[in-house]
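Peer 1: Just passing along the structure, written as structure tokens.
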Amino acid sequence: MNFFNKNKGNILRIIIFFIGIFIIVYILPSEQKFGYEIQRGKPWQHENLVAPFDFAIYKLSEEFSNERDSIKKRIKPYFDFNAEVQISEVKILKQKYGEHWKMYLRMDSIMRESDSEYKYIKKEPDKTEFNEHFKEIINNINIVYNQGIIDPTSIIEESQNPDLLIIINKNDEPRVHSYNFIFTEKTAYEFVISELEQKKDDNIISFFRGMNIASVFKSNLLYNSDFTEKIKKEELSEISQTRGFIKAGEKIIYKNEVVDIEKYRILISLKKEYEKSVGLSANHSLIVGGHILLIVIFLLTVVLFIYNYKPEILQCTRQVILILLLIVLFVVFASLTVKYDIINIYIIPFALLPIVIKVFFDERIALFVHIVTVFIIGFILPNSFEFILLQFTSGFAAIFALSTLSRRGQIYISSAGAILALSILYLAIALIQEGDFSKIKWIYFTYFGANSLLLLLAYPLIFAFEKIFGFISDVTLLEISNTNSPLLQELAQKAPGTFQHSIQVANLAEAAASKISANSLLVRAGALYHDVGKSFSPIFFIENQVSGINPHDSIEFDKSAEIIINHVKKGVELAQKYKLPNQVIDFIRTHHGTTKVQYFYKSYVTKYPESKVDISKFTYPGSPPFSKEMAVLMMADSIEAAARSIKSIDKEKINALVENIIDYQIKENQFIDTDITFREITTIKKIFKKMLINIYHARIEYPK
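Take a look at the structure:
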């Protein structure tokens, strides 16, 4: 039980490791793989290959797809002729003609009675003449209906083809017609009216226009989608998937022979038949065992790389989970894409993996994890070499373009870098394989474009991981380091001296952290907020005393120590109220570590030499720094505060100040929980000395 309690963190991480292995192995295909790598357009690097059995030569997917598209375009839409529409509409028009004629006569009679000039201008209506024109209209309408009226929306895609042919089933006699000679409701009306207007008799034209002849034209050709699809399926089912045959023992390809289109077709066919036939008799338990061994080796390389480069990552369960989760997610996405063929594999933005890992870790870990993930995925893809090469280059370009994720525009740059790398490399490979621009699959550039757009998911994804795992990114650090943030503005108003001190400390700490390859953005954020607790009682801190009045003069030393020490607790509470990240709050907790308030402690001892001192009243209750960044802040804070109290600054005093303060902190065991080295401490001292001399413009005596 004691062993479990002591090692429960390591045990949990090992369990997570094996869960990741299980998920990846479960999602991998269990079929036996073809033993040769097929690279179109390149020499065959293996020995001479002979057909191990009889097999058919399959058409390539693009060839099969082209044939299907050709048939789909060739299929003629099928329409049923409905004679009832013509009979019904002509009957309605004849009734309307009689009614309209009566109304016309009534209006003519009224006009003749009310207008004396009308009868001289207009001749009396001659029904015989109108009947003749109406017969012509009926005749033209019958011509239109017999030829066919179609609803263009029923074949809107096909109607874009000017040479489209359609089949019309009239009286159970299907016949082919040109779509150009079929009427629509609009063109049918225009045809009949144009014939009428050739008479050039305004009275007649006006009369028949008033009948609303347009309403008589209805589609009498009904699109039979079921029959059309049936014919289409029948023809598609007759497409042969093969185009040749290879007999057992027949030579397929010689060593160093270029894999041209015909050889590629044969090799792909052999691969398909081999995996199909061998898969039936293969020992699946052995295949799964091989997968387990393979994934264990791949993931162990990641663990060993991190162990040798940044072992502290392996001590954090959340960080281990994030890395494994990203690997598993992308392997699962890739495997499902290959299995169900929903989208093209190159649409998946695999460069998201190194981008996210770089933001939370660094580029070396990001690139290594990306390479391992791509290798795992490449093992389940048909053309793994091309995939691995393209994705490695894409991921490298994305990381290279993303120096730091400090502003939104850098994601666009990284995305552009990834698509540019994919496009250029794919073009090079395609030219090698095809040797002809016309044979390049230009659709892949559309896939790369979609890939690039999906890379923009990096921002919301990073934000989500920050919230889920409690991490902090450079974007968040830059946002909270803005001196216009509400909490820093409150500090500037209530304790302006402390605010200026915090800025100076931030400058010192950031420069030192950068020099020893620590997280300079995190140090700066921690430095800006480390003293926010002083805003509760700013006058008790010397940097805010501008009137010359010191309130400590009127209270006891232990009470003064309590007020000074309390700024750490108040700072933590204030930071939590403003919802600062825990990583920044830790700087507030640790910037004084477990040191003492030396001035008030010594003053108390001097005033009360006989009294027993309660040392806890003069000791900060926090914890010592537990990272390089926190150690740097502790040094910078103490040194900057002490430097302000020196009245006459010179190089020797600054050297002594820096050495004494840092040596005292080392003596007080403030850095024992950090991984900072003595060499790094020496570097930090040099940086502080140089910067303090520049800040206070100390006069340096040059040698004569």
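Using the numbering used here, the first residue of the sequence shown is number 1, and each one after it goes up by one. For every residue, glycine included, the Cβ atom is placed at its ideal position computed from N, Cα and C. Predicted model only: the values in this text are computed from it and were never measured.
Is any heavy atom in the ligand SAH found nearer than 8 angstroms to the beta carbon of Ala-509?
Peer 2: Looking at this structure, you won't find the ligand SAH or any other ligand, since it has none at all.
Peer 1: Can the beta-carbon of Pro-706 be found closer than 9 angstroms to that of Ile-565?
Peer 2: With the chain covering 1 to 704 only, the question about residue 706 has no answer from this structure.
Peer 1: Based on DSSP bridge pairs, tell me the residues matched to Ala-56.
Peer 2: Phe-245
Peer 1: Starting from Asp-707, follow the alpha helix (DSSP H) in both directions and report where the run begins and ends.
Peer 2: Here the chain comprises residues numbered 1 to 704, so residue 707 is not present and cannot be evaluated.
Peer 1: In angstroms with no decimal places, state the Cα-to-Cα distance between Tyr-702 and Ala-513.
Peer 2: Low per-residue confidence applies at Tyr-702: pLDDT is 43, beneath 50, and the placement is therefore not dependable enough to give any value.
Peer 1: By DSSP, does Leu-12 sit in helix, in strand, or in coil?
Peer 2: helix
Peer 1: Could you please give me the residues that DSSP links to Tyr-179 through a beta bridge?
Peer 2: DSSP, once it has assigned bridges, lists no residue as partnering Tyr-179.
Peer 1: Looking only at its chain, what residues have a beta carbon closer than 6 angstroms to the beta carbon of Tyr-254, apart from the 5 residues adjacent to it on each side?
Peer 2: Asn-48
Peer 1: What are the boundary residues of the alpha helix (DSSP H) that includes Tyr-601?
Peer 2: 598 to 607
Peer 1: Since Lys-218 contacts Glu-89 with CB under 8 angstroms, what's their CB separation in whole angstroms?
Peer 2: 6 angstroms
Peer 1: With a threshold of 16 other CB atoms inside 10 Å of the CB of Asn-544, please say whether the residue is buried or exposed.
Peer 2: buried
Peer 1: For Ala-418 versus Ser-452, is the C-beta spacing smaller than 9 angstroms?
Peer 2: yes
Peer 1: Which residue comes first and which comes last in the alpha helix (DSSP H) that contains Leu-381?
Peer 2: Where Leu-381 is concerned, there is no enclosing alpha helix (DSSP H), given that its DSSP letter is neither H nor E.
Peer 1: Quick one, which of Glu-129, Arg-68, Lys-96 has its alpha-carbon nearest Leu-234's?
Peer 2: According to the sequence shown, residue 234 is Glu rather than Leu. Closest by alpha carbon: Arg-68.
Peer 1: By alpha-carbon positions, which one of Ala-416, Gly-497, Arg-40 ends up nearest to Arg-265?
Peer 2: Arg-40
Peer 1: Determine contact between the region 369 to 378 and the region 324 to 335, defined as no fewer than three beta-carbon pairs at a distance below 8 angstroms.
Peer 2: yes
Peer 1: Would the beta-carbon of Lys-561 fall within 9 angstroms of that of Tyr-529?
Peer 2: A quick correction: the sequence has Ala, not Lys, at residue 561. Cβ distance not < 9 angstroms, so Ala-561 and Tyr-529 don't count as in contact.
Peer 1: Hey, how far is the Cα of Thr-682 from the Cα of Ile-542?
Peer 2: 29 angstroms
Peer 1: Helix or strand or just coil, what does DSSP make of Phe-79?
Peer 2: strand
Peer 1: Determine, using beta-carbon pairs with one atom in the region 241 to 260 and one in the region 46 to 66, whether at least three such pairs fall under 8 angstroms.
Peer 2: yes
Peer 1: Does the distance from the C-beta atom of Pro-43 to that of Glu-275 stay below 9 angstroms?
Peer 2: no
Peer 1: Helix, strand or coil, according to DSSP, for Pro-43 in the structure here?
Peer 2: Pro-43 falls in the strand class under three-state DSSP.
Peer 1: Can you give the Cα-Cα distance for Asn-146 and Glu-273, rounded to whole angstroms?
Peer 2: 56 angstroms
Peer 1: Give the list of continuous alpha helix (DSSP H) stretches no shorter than 4 residues that lie fully inside the region 432 to 477.
Peer 2: Those alpha helix (DSSP H) runs which fall completely within the region 432 to 477 and span 4+ residues are 443 to 454, 458 to 469.
Peer 1: Counting pairs of Cβ atoms below 8 angstroms between the region 518 to 529 and the region 572 to 592, do you hit three or more?
Peer 2: yes
Peer 1: Assuming Val-505 contacts Ala-656 (C-beta within less than 8 angstroms), just tell me the rounded distance between them.
Peer 2: Going by Cβ atoms, the distance from Val-505 to Ala-656 rounds to 20 angstroms, so no, they are not a contact pair.
Peer 1: Nearest to Asp-553 by CA position, among Phe-600, Asn-66, Ile-472, Val-302, is which residue?
Peer 2: Phe-600
Peer 1: Considering just the uninterrupted stretch of the alpha helix (DSSP H) at Ile-355, what are its terminal residues?
Peer 2: 352 to 360
Peer 1: Between Ser-520 and Ile-14, what straight-line distance do the alpha-carbon atoms span, to the nearest angstrom?
Peer 2: 32 angstroms
Peer 1: Between the C-alpha atoms of Ile-138 and Arg-209, what's the straight-line distance to the nearest angstrom?
Peer 2: 14 angstroms
Peer 1: In this structure, how does DSSP classify Ser-159 when only helix, strand and coil are distinguished?
Peer 2: Confidence in Ser-159 is poor, its pLDDT being 46 and thus under 50, which makes the residue's placement too unreliable to answer from.
Peer 1: Take the Cβ of Ile-311 as the centre, count every other Cβ of all protein chains shown within 10 Å, and call the residue buried at 16 or more, exposed below.
Peer 2: Residue identity check: residue 311 is Pro in the sequence provided, not Ile. Exposed, because fewer than 16 other Cβ atoms sit within 10 Å of the Cβ of Pro-311.
Peer 1: With DSSP run on the structure shown, which of helix, strand or coil describes Lys-218?
Peer 2: coil
Peer 1: Are the region 62 to 79 and the region 126 to 134 in contact at 8 angstroms, needing three or more beta carbon pairs?
Peer 2: no
Peer 1: Where Met-211 and Ile-193 are concerned, what is the direct C-alpha to C-alpha distance, given to the nearest angstrom?
Peer 2: Distance from the CA atom of Met-211 to the CA atom of Ile-193, rounded to whole angstroms, is 12 angstroms.
Peer 1: Starting from the Cα of Leu-456, find the closest Cα among Tyr-412, Ala-428, Tyr-444, Ser-481 and give me that residue.
Peer 2: Tyr-412
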